[in-house]
Amino acid sequence: MAAYIGKRVLQIVLTLFVFLTIVFFLVNAQPGDISRLYSLDPNLPPETRAQMQELFGVNEPLWKQYLVHLKNTLTGDLGVSFSLYPRTVADVIKERLPRTLVLFLTATVVSFYLGFGLGKIIAWRRGGWVEYTSTLGGVTLYTVFTPWFGLMMIWLFAFKAGWFPIGKFLDPVVWQDAPSDANTVFNLMLATAVVLSLITFSVFLVTSKKRLGMARVLQAGIIAVSVLIVAGVWLSSGVGYLAWDIVKHMVLPIATLTLISFAGTMLLTRNSMLEVIREDYVLAARAKGLPEKAVRDRHVARNALLPVVTSFVFSLAFAIDGGVIIESVFSWPGMGHTLVAATVSEDLPLAVGTFVFVGLFVLLAHLAADILYAYLDPRVRY
Amino acid sequence: MVIDTGPIPNSPSLWRVRLGLAGRSLKQNWSLFLRTRIGILGLVIIVFYMLLALAHPILMNTVWDERIYDPVIGFAFDETQQPAPPSLAHPLGTDPLGRDILSQLMFSARSEFLLGLLAAVVTVCIGTMVGATAAYFGGLIDMLLMRLADIMIMMPGISILIVLSALIEVGHLELALLIGILSGFGGTGVVLKSQALSVVVKPYIEAARTSGGGTLHIILVHVVPNLLPLSFLYMMFTVTSAIFSEAVLSFLGLLDVRMSWGLMIHTTESAGYLLQVGEYWWLIFPASLSITLLCSSFYLLGRSLDEVVNPRLRRI
């Protein structure tokens with residue numbers, strides 16, 4: 064297991080270098096150099112231009128520039144944003160990365176569980192209207208034009224029904240006299256979410272060996288209690304109403320991203336379940352007289368999980384693209400929205416910096432998924 | 309495939325036998341394809357949009373006045389206010405700039421097809437060559453190509469295209485090439501390589517090599533043709549992703565194109581009609597539905613071709 068993870072980490076680091084190299088040469092393939100952006104003025108004396116070129120280091124040989132680029136990227140120095148001057152790119156990313164993380168992680172985890180759970184159920188009830196509608200709905204959601212779907216969600220639930228705010232991250236009116244700024248509150252929320260998911264994960268880990276009915280009761284109980292405690296702490300903290308405002312803004316984008324990404328998992332789980340059902344050990348489990356639910360969850364679903372996780376790893380890039388689109392449709396100020404906005408306003412340092420971080424994020428997500436896979440598949444573990 | 313023509317007295321030429329075999333397998337595959345309902349649905353939608361695309365130049369030359377119906381620079385003088393609701397003269401109404409929506413829709417259908425076709429052809433050309441070379445040579449070349457493929461698979465395509473659109477002018481042609489390169493060196497290349505691995509160990513490759521066939525000759529004549537059925541399947545999925553990417557990028561206003569379905573929604577958005585879905589439905593629904601339908605139809609076609617090409621998925 065350690066050797067496997069070590070190998071993957073090495074591969075990821077190598078990939079990161081190749082990726083940074085590609086980014087560098089893409090930017091460098093531009094005609095002229097970056098100092099021209101600052102010096103479009105034809106009246107600029109040549110000395111000033113030379114000074115600028117020295118300042119940006121573009122008069123150096125290419126390999127030196129490349130090394131500087133690598134060093135700066137790895138130390139987090141990504142330059143200054145043009146459109147949000149004088150903020151540095153690193154500062155902007157530091158503010159917006161958590162927002163994307165929350166959106167992406169919540170949607171990914173929820174859509175995986177939803178897809179897997181629904182796939183399990185429709186595989187068990189073959190040839191009914193349930194299977195037919197969910198397959199058709201799944202394909203529709205899988206290929207729907209994402210911006211349009213997001214728009215319909217906004218129009219239906221925010222504009223017509225008025226249940227949720229229309230896009231954006233927070234409501235300025237609510238935050239007018241707020242005791243703390245949005246990022247502090249949001250990071251606190253993030254910390255809470257991490258703690259809650261750790262609790263959930265460890266509960267599932269501990270109870271997975273228990274009997275099915277018992278495990279369900281234990282899981283539900285512990286999770287409910289911890290959710291109640293967290294809610295109590297937030298309500299008494301005085302910034303609870305601010306957190307609630309952010310949560311209200313979060314619901315719709317997360318729901319949309321979940322809906323467009325769960326369908327792939329669902330369809331694949333169904334196919335994978337249908338292959339496993341034919342195995343002899345499933346027949347044996349039934350012959351032993353195990354309840355249908357135990358056969359489904361313990362014997363079929365557990366073995367149907369592996370191909371689903373494999374393809375899940377490959378669909379991470381797809382999910383990130385979905386996140387970029389959803390963010391710009393909902394004006395959710397995360398990495399994707401920043402990427403699009405920086406591109407539209409030709410803010411090259413911010414666009415490239417954001418892209419580097421998106422790439423880094425994908426690589427880390429792949430690593431995490433690989434480790435998860437190693438945990439799930441004994442053939443890799445031993 | 310090695311065809312033993314045998315001692316045939318009247319000796320019909322080899323190509324005739326080949327043609328007969330190809331015809332028979334085509335017939336067999338067609339009957340398999342007919343059994344998958346979703347494939348037929350996809351095919352019907354594709355044919356519908358093809359007819360729309362073909363009808364546009366005919367209509368422009370006969371019935372439609374160019375000054376009114378031009379998809380980019382036309383203006384509906386016959387309407388008093390823009391955007392005008394659907395009427396007999398304009399079946400899908402006009403957009404905020406007074407241009408006929410149906411004409412835009414039909415005009416864009418052609419460029420979507422061309423884009424999808426070009427992206428698919430580029431993908432398949434690169435993908436089969438990458439797959440065949442990696443499988444045939446193995447070793448260092450294989451490792452380099454597959455690591456490159458890893459990077460391509462990991463990278464989120466839309467994000468790359470967004471950044472590239474900041475660096476270079478991206479039109480339909482560039483977009484098709486970029487998507488072809490991304491998917492050809494990436495996912496498609498890997499799948500075709502795994503198929504090619506089962507081809508290069510066949511005896512006829514060995515036979516070709518011992519009878520003095522060159523590397524290029526073996527790859528092009530013996531390996532690549534056996535990859536074509538599978539690569540045809542991946543063409544369908546590439547078309548889906550190409551149309552989708554184009555729509556997203558032009559919706560965000562990042563593409564350098566004159567007219568497309570995504571751009572129609574972009575126009576609606578920049579004119580401020582985006583959330584008046586109920587009152588101005590013809591500004592949003594025709595373009596969005598077209599994107600969704602065409603994407604899903606190529607996806608469905610791909611899925612059902614998968615059942616034809618891949619014997620494991622066939623229903624017995």
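Taken in sequence, the protein lines are chains A and B.
Counted from 1, the first sequence has number 146 at position 83 by our numbering; the numbering is strictly sequential.
Counted from 1, the second sequence has number 431 at position 123 by our numbering; the numbering is strictly sequential.
Quick reminder that beta carbons are idealized off the backbone N, C-alpha and C, glycines included.
| Check | Outcome |
| --- | --- |
| Residue 388 of chain A and residue 169 of chain A closer than 8 Å at C-beta | no |
| Every unbroken beta strand (DSSP E) within the stretch 330-379 of chain A, with a cutoff of 3 residues, ordered by chain | none |
| Residue 419 of chain A versus residue 357 of chain A - alpha carbon distance | 45 Å |
| Extent of the continuous alpha helix (DSSP H) to which residue 248 of chain A belongs | 245-270 |
| Alpha helix (DSSP H) segment containing residue 412 of chain B, residue limits | 409-445 |
| Between the CA atoms of residue 561 of chain B and residue 145 of chain A - distance to the nearest angstrom | 20 Å |
| The stretch 421-436 of chain B / the stretch 396-411 of chain B touching (three or more Cβ pairs under 8 Å) | no |
| The stretch 389-402 of chain A contacting the stretch 207-226 of chain A, beta-carbon criterion three pairs below 8 Å | yes |
| Closest residue to residue 357 of chain B among B/416, B/407, B/589 (Cα-Cα distance) | B/416 |
| Where residue 532 of chain B sits in the DSSP three-state scheme | helix |
| Whether residue 384 of chain B touches residue 376 of chain B by CB criterion (8 Å) | yes |
| Short CB-CB distance (under 8 Å) between residue 555 of chain B and chain A | yes |
| Cutoff 8 Å: residue 408 of chain B Cβ touching any chain A Cβ | no |
| Residue from A/208, A/75, A/441 with nearest C-alpha to residue 274 of chain B | This structure cannot speak to residue 274 of chain B, because chain B is shown only from 309 to 624. |
| Beta-carbon proximity list for residue 472 of chain B, same chain, < 7 Å, skipping 5 on both sides | 478, 486 |
| Contacts that residue 604 of chain B makes with chain A (C-beta to C-beta distance below 9 Å) | 202, 203, 205, 206, 207 |
| Inter-stretch contact (C-beta, 8 Å, three-pair minimum) for the stretch 256-264 of chain A and the stretch 227-246 of chain A | no |
| Within 8 Å, strictly: CB atoms of residue 436 of chain B and residue 500 of chain B | yes |
| Segment limits, alpha helix (DSSP H) that includes residue 588 of chain B | Unbroken run through residue 588 of chain B: none, as it is neither H nor E. |
| Cβ separation of residue 494 of chain B and residue 460 of chain B, assumed to be a contact under 8 Å, to the nearest whole Å | 3 Å |
| Neighbour flag for residue 391 of chain A against chain B, beta carbons, 8 Å | yes |
| Residue 76 of chain A versus residue 546 of chain B - alpha carbon distance | 29 Å |
| Selected residue, minimal CA-CA separation from residue 319 of chain A, among A/287, A/240, A/173, A/185 | A/173 |
| Beta-carbon proximity check, residue 436 of chain A vs residue 371 of chain A, cutoff 8 Å | no |
| Burial state of residue 80 of chain A (16 or more Cβ within 10 Å) | exposed |
| Helix, strand or coil at residue 163 of chain A according to DSSP, with G and I counted as helix | helix |
| Residue 151 of chain A - DSSP class collapsed to helix/strand/coil | strand |
| Beta-carbon proximity list for residue 624 of chain B, same chain, < 7 Å, skipping 5 on both sides | Residue confidence for residue 624 of chain B is low, a pLDDT of 43 falling below 50, so the modelled location carries little weight and cannot support an answer. |
| Residue 423 of chain B and residue 480 of chain B closer than 8 Å at C-beta | yes |
| Simplified DSSP assignment, three categories, for residue 143 of chain A | strand |
| Cα-Cα separation between residue 537 of chain B and residue 419 of chain B, rounded to whole angstroms | 26 Å |
| Nearest residue (CA-CA) to residue 446 of chain A, options A/373, A/397, A/218 | Here chain A comprises residues numbered 64 to 445, so residue 446 of chain A is not present and cannot be evaluated. |
| C-beta neighbour in chain B for residue 340 of chain A, strict 8 Å | no |
| Nonlocal neighbours in the same chain, by C-beta distance under 6 Å from residue 324 of chain B, ignoring five residues either side | none |
| Where residue 611 of chain B falls: helix, strand or coil (DSSP) | helix |
| Within-8 Å CB hit, residue 401 of chain B to chain A | no |
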